[in-house]
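Inspection log for the structure reproduced underneath, given as structure tokens.
Residue numbers (the working numbering): 1384 to 1608.
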């Protein structure tokens, strides 16, 4: 099976296992989470009713194309949120944010009764840190935040996402820093330390305890961790 086929299988499985008709669903952002959107659209077309809270404009656009009714965060109680991850550690702490939607993704995950993560096998790691940690920053504070991170974490590499001529801008109008810290022993502590820097909006570190289920799309089928 191709990687895309594995992503499709696990995205579909998450919807079929955890989403019941008539509920409010948080929908993530990225190449795996988008398959949950597609499956929800299929079930909607078959006559089931849902409302969705999207974590990005990209996800919202696809929901509209499929006719999935949308709600704002806080309009409904989110029964389950489904999203992908860049890394899933053994303790279920996560690195997220390759899709650039970390603030909204974390807000939806925190609001949901159940947060379900869908990944393919290469995303499973013992400890976080092989993938860079995204940090969303208010543009006015970008330079001082970069300097503060480098001072607080000697050896860390901090780069703004996007080319100089076209820097990446989040749906919230903020900038993204991609930070390489090496292997991370304490994701929750690092998340807290980064968020304490004035100008930081959110980080791509999701501490363990937030995730309630992890589904892995593998060549031999979808399995739960």
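Backbone N, C-alpha and C fix where the C-beta goes; we use that ideal spot for every residue, glycine too.
- Contact annotation: residue 1461 and residue 1511 have beta-carbon atoms that are not nearer than 7 Å.
- By alpha-carbon distance to residue 1387, the top candidate from 1558, 1569, 1597 and 1504 is 1504.
- If you draw a straight line from the Cα of residue 1501 to the Cα of residue 1415, it comes to about 7 Å.
- Judged by beta-carbon spacing, residue 1440 lies beyond the 7 Å limit of residue 1466, meaning their Cβ atoms are not closer than that value.
- In the displayed model, residue 1570 falls within a helix according to three-state DSSP.
- Of the other Cβ atoms in all chains shown, fewer than 16 fall within 10 Å of the Cβ of residue 1458; this residue is therefore exposed.
- Rounded to the nearest angstrom, the Cβ distance from residue 1595 to residue 1514 is 22 Å, too far for a contact under 8 Å.
- Rounded to the nearest whole angstrom, the CA to CA distance from residue 1529 to residue 1541 is 6 Å.
- Considering only 1436, 1425 and 1429, the residue with the shortest C-alpha distance to residue 1495 is 1436.
- Counting along the chain, residue 1446 sits inside the alpha helix (DSSP H) bounded by residues 1440–1449.
- Positions of the beta strand (DSSP E) runs, each at least 3 residues long and wholly inside the region 1425–1494, are given as 1434–1437 and 1461–1466 in order along the chain.
- In this model, residue 1442 and residue 1572 are separated by some 30 Å (Cα to Cα).
- Between the alpha carbons of residue 1570 and residue 1507 lies a gap of roughly 15 Å.
- Measuring C-alpha to C-alpha distances from residue 1483 to each of 1493, 1453, 1472 and 1517 identifies 1517 as the nearest.
- Per DSSP, reduced to three states, the secondary structure at residue 1387 is helical.
- Cβ-Cβ distances below 6 Å link residue 1389 to 1503 and 1600 in the same chain, with the five nearest sequence neighbours on each side left out; the list follows chain order.
- Under DSSP, the beta-bridge partners assigned to residue 1561 are 1517 and 1542.
- In the three-state scheme derived from DSSP, where H, G and I count as helix and E and B as strand, residue 1405 is classed as coil.
- DSSP, read as helix, strand or coil, puts residue 1423 in helix.
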